[in-house]
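**Q**
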Amino acid sequence: ALITEDQKKREERLIKTFSENPSVQVLNGKFGPYISIDGKNARIPKDRSPISLTLDECLDLATKSKPGRSQRRSRRHR
739 ALITEDQKKR EERLIKTFSE NPSVQVLNGK FGPYISIDGK NARIPKDRSP ISLTLDECLD
799 LATKSKPGRS QRRSRRHR
């Protein structure tokens with residue numbers, strides 16, 4: 739039962755994938771939709787519809803994206 743619930747959550751999280759480049763995914767996360775490329779995440783602007791994004795737009799948004807909070811913190815030594 740737990741396995742099927744976990745699979746269902748993963749399927750609901752996935753908004754869009756691209757057959758040309760399967761490493762690029764549009765996902766629905768806790769804080770809204772985002773783009774995931776090889777484990778690196780990029781935010782999708784509020785004025786953009788995640789379903790209508792093309793592969794080129796996803797790659798462009800990923801290169802323009804600011805580094806996330808965890809990436810900024812990791813540079814400091816404690």
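Position one of the sequence shown corresponds to residue 739 (my numbering), numbered consecutively onward.
Think of the CB as a built atom: it goes at the ideal place given N, C-alpha and C, for glycine as much as any other residue.
Just so you know, these numbers come straight off a predicted model, no measurement behind them.
Assess contact between the region 741-756 and the region 786-803, defined as three or more Cβ pairs (one per stretch) separated by less than 8 Å. Is contact present?
**A** Contact holds: three or more Cβ-Cβ distances are below 8 Å.
**Q** Cα separation between threonine 742 and aspartate 785?
**A** Spanning the two alpha carbons is a distance of roughly 34 Å.
**Q** In this structure, does DSSP put serine 790 in helix, strand or coil?
**A** Three-state result, serine 790: helix.
**Q** CA-CA distance, aspartate 744 and lysine 802?
**A** Roughly 32 Å between the two C-alpha positions.
**Q** Which whole-angstrom value describes the C-beta separation of alanine 800 and isoleucine 782, a residue pair presumed to lie in contact below a C-beta threshold of 8 Å?
**A** Contact doesn't hold; Cβ gap of about 10 Å is too wide.
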